[in-house]
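One structure below.
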Amino acid sequence: PLMAHIDEPPPGRSEVLPRLRRGDILTHCFRPFPNAPVFASGMVRPDMRLARERGVIFDLGHGMGSFDFDVARAMLAEGLAPDVISSDVHLYCVDGPAFDILVCMSKLM
């Protein structure tokens, strides 16, 4: 399996996502723009649905700036919950906003 960390383009989500196969992992699945899984209107992008249908695993991967409540609400409303909840806590975000795995989990409650 491959884990894709899509951040600032290039490459963009639309270039990477179609290449992921069953069992590959997309981390930062609730990230804000750029490369957000939803349009500015809040509608889920079709490539995200296709990825889920192909069996791509969605990982929260909160980190420092890779989680957005509006994106999370839109994705969850469409039944696209993360398969994996990870904190992605690293040197630059030990003091928040992810803090630890329990904080990350609580944001989905």
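For the sequence shown, the working numbering begins at 41 and goes up steadily by one. Glycine included, every Cβ here is placed at the ideal spot set by N, Cα and C.
Proximity test, Cβ basis, 9 angstroms: residue i and chain C
i      : result
Asp110 : You won't find chain C in this structure, because it holds only one protein chain.
CA nearest to the CA of residue i, picked from the options
i      : options                        : result
Val84  : Met145, Met43, Phe70           : Phe70
Arg113 : Asp135, Arg92, Val143, Ser81   : Ser81
Cys133 : Leu142, Leu90, His102, Leu57   : His102
Pro41  : Asp47, Gly52, Pro86, Gly95     : Gly95
Arg89  : Val143, Leu100, Gly119, Ala138 : Gly119
Asp47  : Asn75, Ile65, Gly136, Ile141   : Asn75
Cross-strand partners of residue i (DSSP beta bridge)
i     : result
Ile65 : Met43, Ile97
Val56 : According to DSSP, Val56 bridges with nothing at all.
Val78 : Val84
Coarse secondary structure for residue i, derived from DSSP in three states
i      : result
Val134 : coil
Val129 : coil
Test item: CB-CB of residue i and residue j under 9 angstroms
i      : j      : result
Phe98  : Val124 : yes
Met43  : Thr67  : yes
Asp87  : Arg53  : yes
Ser127 : Phe139 : yes
Val111 : Pro72  : yes
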